[in-house]
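Residue numbers (full-length UniProt numbering): 1 to 463.
Built from N, CA and C at the ideal position, the CB exists for glycine as well.
Okay, structure first, notes after.
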Ligand SMILES: Cc1ncc(COP(=O)(O)O)c(C=O)c1O
């Protein structure tokens, strides 16, 4: 995208979001040029284009103003002071829709987690640390937990780090948000996989990033494309989920991981490696994290434990080099002054237990069974997908004759929900793809729900 187009998009997005309302005076050409670090002529051209399209108007040579009728309506928010700052969270909107057949939650069925034992761990924590509720955690996270995780990462993945290189966050969602606040200024280029985790798109957009999509394939990325984007756009980072990727389930092979880290180091582009599904493999452990290949500190590793340990505890770890870590503290302290200590201690003791090891083995089997049931139900259709070797989702392509929007609308009426592929695509183009999660509902419901969904699709596209 050329610079003028980027400035145009930046102004237009803010108008649409209602940050600048109708008849509001827009920032002067000089101010905007300084804010966005571009030439005044670039801003002038962007304003002229908006004027030609009747999105803004000029008044008495005093500047540019928002044309009436341009701001997006906010259905359920009456207060302009609130609505002017509201962003979209597409995934949470889908999750809000009540459904008996929940294929949109990439979460483990609560019945597959060892709930009875959690209460024992919670009780044990109060006995061991009687003052656990009477104190804050440090901002960086409980030292005992960080020590334990640094040993775990070193033994398991040969990471070179100490407890000082780890920050505990409230889930990886918070980690992504903190990193985005720390690293992105409006108009900064960032690379994102296409498709990707939809909430990550929303977070980076909220910071005003210019998103450059990089296609992910069953074999990984086209590294020549990645290199040319790193050269051309000088992105701040590449956010990626290379292991049992959400939504596709693809895993980037070890050889590419090494090459990708070399590219990142050559072009000084951070890799934000989001790794919440690593432990949910069916046959074989996936290749080591990108972080294990890094020597110059360009990989930031985000490891959530929500998906299989205990989602309710909201525990994730961010591993990074010291110069980034000090800025991460600042942003984390502004966000919440530290993740609750009680959650960290319960997590720590459960994470270290034999029970977790037994649980994860059984969980892998249970999830593999559910995946097979979903695939079995789909086998009679002409929908296509690559069977994932781990993770929680199938990324399914519908035949061109089925409209995904229609199928979603009909499904919601029948109490079935799934994630429309378009919200996982930074360019919103994946119109014939859907994400179906097999992890949340039990085998019986899964089978019944899939039959219903397929029947609905046949009504839209009779054989
Ligand atoms: C790729 C990816 N990153 C981050 C998250 C958020 O995880 P957490 O529960 O740790 O915030 C998810 C949740 O589905 C995810 O799929």
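Assignment of residue 382 by DSSP, reduced to helix, strand and coil, places it in the coil class. Its chain contains 315, 347, 350, 351, 356 as the residues whose beta carbon lies nearer than 8 Å to that of residue 309, once the 5 sequence neighbours on both sides are disregarded; these appear in chain order. Shown here, residue 327 sits in a helix according to DSSP, grouped into three states. The Cβ atoms of residue 66 and residue 16 do not sit closer than 8 Å to each other. Residue nearest to residue 408 within the set 175, 435, 390 is 435 (criterion: CA-CA distance). Counting along the chain, residue 41 sits inside the alpha helix (DSSP H) bounded by residues 40-52. Shortest gap from the CB of residue 246 to any heavy atom of ligand 1: under 7 Å. When the beta-carbon positions are compared, residue 433 and residue 395 come within less than 8 Å of each other. Rounded to the nearest whole angstrom, the C-alpha separation of residue 63 and residue 28 is 7 Å. In the pairwise beta carbon analysis, the stretch 3-15 is classified as touching the stretch 30-48: at least three pairs are separated by under 8 Å. Remark: the C-beta of residue 173 is in contact range of ligand 1, defined as less than 7 Å to any heavy atom. Counting only the Cα atoms, residue 276 lies some 14 Å from residue 291.
C-alpha of residue 265 to C-alpha of residue 427: approximately 27 Å in a straight line. Here DSSP, grouped into helix, strand and coil, assigns residue 256 to helix.
Residue 382 has its Cβ no nearer than 7 Å to any heavy atom of ligand 1. Put simply, the backbone Cα of residue 421 is about 27 Å away from that of residue 365. Rounded to whole angstroms, residue 37 and residue 186 show a C-alpha spacing of 10 Å. Our two residues, residue 113 and residue 204, have alpha carbons roughly 32 Å apart in a direct line. Within the chosen limit of 7 Å, ligand 1 reaches the beta carbon of residue 241 through at least one heavy atom. For residue 399, the CB stays at least 7 Å from every heavy atom of ligand 1.
For residue 140, there is no enclosing alpha helix (DSSP H), as DSSP marks it with neither H nor E.
In summary, residue 219 is exposed, with fewer than 16 beta-carbon neighbours lying within 10 Å of its beta-carbon over all protein chains present. Contact between residue 244 and residue 286 holds: CB atoms are separated by about 7 Å, below the 8 Å threshold. Exclusion of residue 104 from the 7 Å shell around ligand 1 follows from its C-beta lying no nearer than that to any non-hydrogen atom of the ligand. Counting other Cβ atoms within 10 Å of its Cβ, residue 92 stays below 16 and is therefore classed as exposed. In the DSSP annotation of this structure, residue 215 is not part of any alpha helix (DSSP H); the continuous beta strand (DSSP E) holding it starts and ends at 210-215.
In this model, residue 227 and residue 258 are separated by some 14 Å (Cα to Cα).
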